[in-house]
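So the structure is just underneath, and the comments pick up after that.
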Amino acid sequence: MNVVFIVTSFWSFGELLIAVEFADELIKSGEKICFIAPPTHKNTILKKGYICISLVPKSRQLNRILFNEVKYSFKPDLVILSDFLNYNFADRHYGITKEDLNIFDTTLCTFDNFYWNYPRKCMDTYGFKSDIPKKIVLEDYGARIVPCPIVNPDSVEGENVYTYSLISDFVDISNLKKRKNRIKYGFDNDEDKIILVSYAKWQNEHIEDRGVSEFVKLSNNFFNKLISKLAEEFHIICVGSKEKIQGDNIHHYSSVHTETFDELVSISNIYISRNMTSTSMVRIALSGVRCVNIINSISDIGTIEKIAAKDEFNMTIKPYRYFMFPVGWYSFLKPIFDNNPYAELIIQIEQFEIERGIETIKDILYGDNSDHTILTNKLRRKLSELMTPKEIVRSILSYDLEGKR
Numbered sequence: 006m007n008v009v010f011i012v013t014s015f016w017s018f019g020e021l022l023i024a025v026e027f028a029d030e031l032i033k034s035g036e037k038i039c040f041i042a043p044p045t046h047k048n049t050i051l052k053k054g055y056i057c058i059s060l061v062p063k064s065r066q067l068n069r070i071l072f073n074e075v076k077y078s079f080k081p082d083l084v085i086l087s088d089f090l091n092y093n094f095a096d097r098h099y100g101i102t103k104e105d106l107n108i109f110d111t112t113l114c115t116f117d118n119f120y121w122n123y124p125r126k127c128m129d130t131y132g133f134k135s136d137i138p139k140k141i142v143l144e145d146y147g148a149r150i151v152p153c154p155i156v157n158p159d160s161v162e163g164e165n166v167y168t169y170s171l172i173s174d175f176v177d178i179s180n181l182k183k184r185k186n187r188i189k190y191g192f193d194n195d196e197d198k199i200i201l202v203s204y205a206k207w208q209n210e211h212i213e214d215r216g217v218s219e220f221v222k223l224s225n226n227f228f229n230k231l232i233s234k235l236a237e238e239f240h241i242i243c244v245g246s247k248e249k250i251q252g253d254n255i256h257h258y259s260s261v262h263t264e265t266f267d268e269l270v271s272i273s274n275i276y277i278s279r280n281m282t283s284t285s286m287v288r289i290a291l292s293g294v295r296c297v298n299i300i301n302s303i304s305d306i307g308t309i310e311k312i313a314a315k316d317e318f319n320m321t322i323k324p325y326r327y328f329m330f331p332v333g334w335y336s337f338l339k340p341i342f343d344n345n346p347y348a349e350l351i352i353q354i355e356q357f358e359i360e361r362g363i364e365t366i367k368d369i370l371y372g373d374n375s376d377h378t379i380l381t382n383k384l385r386r387k388l389s390e391l392m393t394p395k396e397i398v399r400s401i402l403s404y405d406l407e408g409k410r
């Protein structure tokens with residue numbers, strides 16, 4: 006069977022990683038894989054051993070030619086969109102439209118990373134409200150594949166909608182592996198507490214808006230304060246950080262390979278993120294490492310003025326709430342995490358409540374984690390019972406052949 010993945014987000018690697026992990030499972034059962042993706046992702050895809058055709062920016066004509074070439078040379082049985090939301094607006098960057106997908110003349114489906122059946126009034130991006138959810142027609146994109154546990158599988162329903170476990174392999178955090186890797190990275194004392202923090206490249210970018218820029222700057226200042234204060238007592242490993250927070254206990258890695266990152270995870274007691282939908286955090290949490298996500302639920306400028314120092318605060322600031330920094334998406338993502346067992350594994354800390362956040366982190370570091378282990382194992386068992394990528398692909402094709410699409 007020949008499967009084509011179309012990736013259209015050039016700034017985020019999240020949707021690419023979801024597609025690649027799915028492809029990795031399909032390849033085990035002998036499927037042939039081809040990616041159509043932005044030039045920024047080409048090296049990542051080629052390193053995985055997959056065919057990669059690069060989209061041409063701002064050229065519908067050339068990209069239609071590429072689609073036709075893939076159709077006749079690769080002969081796909083199935084085309085999978087890595088994110089129908091991004092594809093819905095791909096005309097802005099690549100000129101391609103929903104109608105251009107008809108070129109493939111084959112079964113179409115999409116990942117539904119945030120399960121669009123949840124009732125939503127808007128998409129709150131950088132504090133601005135968009136009516137995008139009202140413009141999306143799910144039926145245009147065929148079957149939907151829902152990654153779990155970011156979405157609670159128990160909340161998913163509907164015909165031709167499939168749930169699967171986003172993560173199939175886990176980080177080895179056994180005592181033996183932890184001891185070996187701690188020695189390797191220079192942490193000889195088993196009692197040392199280590200906190201891992203990763204900085205995604207896309208989180209350094211945001212829309213051009215003065216108020217948003219001021220809020221992003223202030224948020225980064227508070228985050229750096231939190232990390233600096235934690236470094237007074239604990240070792241901090243920062244991966245991918247451009248902002249070089251200084252301190253004897255702060256260890257910087259500009260970028261690392263997956264194997265190295267896994268080793269750093271294995272020696273860490275806590276992982277800190279600012280993106281509740283991070284696929285890396287899903288894998289780390291399900292591997293058994295405690296995870297903390299920094300959020301902001303305060304949008305009142307007066308409240309923030311009282312919290313921030315005078316030299317940090319600017320009245321042009323446009324504060325907004327977020328689960329995913331710096332994009333926002335607080336209201337948009339909230340339905341996903343309500344009554345979601347995965348959300349129970351992640352401790353949420355408000356970005357402006359530094360002292361309370363530090364106390365929470367200390368409670369995790371020195372507390373009893375037995376209940377957390379039970380919750381993690383329970384969730385992993387539930388995820389293991391979901392369909393595999395191979396089963397999902399075959400079910401989608403069978404459904405299409407029966408003429409029910």
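If you're matching positions, the sequence shown starts at 6 in this note's numbering and goes up one per residue.
We put the CB at the ideal spot given by N, CA and C, even for glycine.
Legend entry - Identity of the residue in Gly293, His211, Arg69, Leu83 nearest Phe116 by Cα: Ranking the options by Cα distance to Phe116, first place goes to Leu83.
Inset, instruction - Specify the secondary structure class of Gly216 as computed by DSSP and reduced to three states. - result: helix
Legend entry - Separation of Tyr169 from Leu391, as counted between CA atoms: Distance between Leu391 and Tyr169, taken at the CA atoms: about 5 Å.
Inset, instruction - Quick one: grab the DSSP three-state call for His416. - result: Look at the range of the chain in this structure, 6 to 410, and you will see that residue 416 is not part of it.
Legend entry - Own chain, CB closer than 7 Å to Gly100, minus 5 neighbours either side, in chain order: Lys63, Ser64, Arg65, Asn68
Legend entry - Exposed unless 16 or more other CB atoms sit within 10 angstroms - verdict on Ser34: That one is exposed.
Inset, instruction - Counting only runs of 3+ residues fully inside the stretch 218 to 256, write out the beta strand (DSSP E) ranges in chain order. - result: The qualifying runs are 240 to 244.
Inset, instruction - Note down, one range per segment and in chain order, each beta strand (DSSP E) of at least 3 residues found wholly within the stretch 130 to 180. - result: Counting whole runs of 3 or more residues, the stretch 130 to 180 contains the beta strand (DSSP E) stretches 133 to 135, 148 to 153, 166 to 170.
Inset, instruction - Mark Val142 as exposed unless 16 or more other C-beta atoms lie within 10 angstroms of its C-beta, in which case mark it buried. - result: With a 10 Å radius around the Cβ and a threshold of 16 neighbouring Cβ atoms, Val142 comes out exposed.
Inset, instruction - Enumerate in chain order the residues of its own chain whose CB-to-CB distance from Val212 is below 7 Å, with the five nearest sequence positions on each side excluded. - result: Here the sequence assigns Ile to residue 212, which means Val is not the residue at that position. Once the five neighbours on either side are set aside, the close Cβ partners of Ile212 are Tyr131.
Inset, instruction - In the DSSP assignment, find the unbroken beta strand (DSSP E) run with Lys37 in it and report its ends. - result: 37 to 42
Inset, instruction - Starting from Gly293, follow its DSSP beta bridges and name the residues at the other end. - result: DSSP, once it has assigned bridges, lists no residue as partnering Gly293.
Legend entry - Any 3 or more C-beta pairs closer than 8 Å across the stretch 359 to 379 and the stretch 156 to 168: no
Inset, instruction - Can you tell me which of the three DSSP states Thr393 falls into? - result: coil
Inset, instruction - Classify Thr263 as helix, strand or coil using the three-state DSSP reduction. - result: helix
Legend entry - Nearest-angstrom Cα separation, counted from Glu144 out to Lys409: Confidence at Lys409 is low in this model, with a pLDDT of 48, below 50, so its placement is unreliable and the value that follows should be read with caution. If I take the Cα positions, the gap works out to 12 Å.
Inset, instruction - Indicate whether Lys76 and Asp129 have their beta-carbon atoms separated by less than 9 Å. - result: Inclusion of Lys76 and Asp129 in the CB contact set at 9 Å is not warranted, their separation being larger than that value.
Legend entry - Contact set for Ile232: own chain, Cβ-Cβ below 7 Å, skip 5 residues either direction: The answer, listed in chain order, is Val202, Ile241, Ile250.
Inset, instruction - Give the DSSP-derived three-state secondary structure of Val61 in the structure shown. - result: coil
Legend entry - Residue-level contact to chain C via CB, Phe133, 9 Å cutoff: Absent from the structure: chain C. Only one protein chain is present.
Inset, instruction - Evaluate Lys198 with the Cβ neighbour count: other Cβ atoms within 10 Å of its Cβ, from every protein chain shown; 16 or more gives buried, anything less gives exposed. - result: Lys198 should be labelled buried.
Inset, instruction - Specify, as a first and last residue, the run of the alpha helix (DSSP H) that Val8 falls within. - result: No alpha helix (DSSP H) holds Val8; the beta strand (DSSP E) holding it covers 7 to 11.
Inset, instruction - Reducing DSSP to helix, strand and coil, say where Phe18 ends up. - result: coil
Inset, instruction - Label Asn91 either buried or exposed according to how many other C-beta atoms from any shown protein chain fall within 10 Å of its C-beta, with 16 as the threshold for buried. - result: buried
Legend entry - the stretch 307 to 322 touching the stretch 179 to 193, judged by at least three CB pairs closer than 8 Å: no
Inset, instruction - Note the first and the last residue of the continuous beta strand (DSSP E) segment covering Tyr371. - result: Careful: Tyr371 lies outside any beta strand (DSSP E), inside the alpha helix (DSSP H) at 359 to 371.
Legend entry - Beta-carbon gap between Leu338 and Phe330 smaller than 9 Å: No Cβ-Cβ contact shorter than 9 Å links Leu338 with Phe330.
Inset, instruction - Give the range of the beta strand (DSSP E) segment to which Glu349 is assigned. - result: Taken as a continuous stretch (DSSP letters only), Glu349 belongs to no beta strand (DSSP E), being part of the alpha helix (DSSP H) at 346 to 350.
Inset, instruction - Counting only runs of 3+ residues fully inside the stretch 296 to 348, write out the beta strand (DSSP E) ranges in chain order. - result: 327 to 329
Inset, instruction - Indicate the three-state DSSP secondary structure (helix, strand or coil) for Glu196 in the structure shown. - result: coil
Legend entry - Length of the line joining the Cα atoms of Glu264 and Gly19: 18 Å
Inset, instruction - Would you check if the stretch 38 to 48 and the stretch 7 to 18 touch, i.e. whether three or more CB-CB distances between them fall below 8 Å? - result: yes
Inset, instruction - Go ahead and pull the three-state DSSP assignment for Thr381. - result: helix
Inset, instruction - Let me know the secondary structure DSSP gives Glu26 once reduced to three states. - result: In this structure, Glu26 counts as helix in the three-state DSSP scheme.
Legend entry - Cβ shell of Cys57 (< 7 Å), same chain only, five flanking positions each side left out: Cβ within range, chain order: Phe40, Ala42, Lys47, Ile50, Leu51.
Legend entry - Cutoff 6 Å; reference Ser292; Cβ partners in own chain excluding five residues on either side: Phe175, Val176, Ile178
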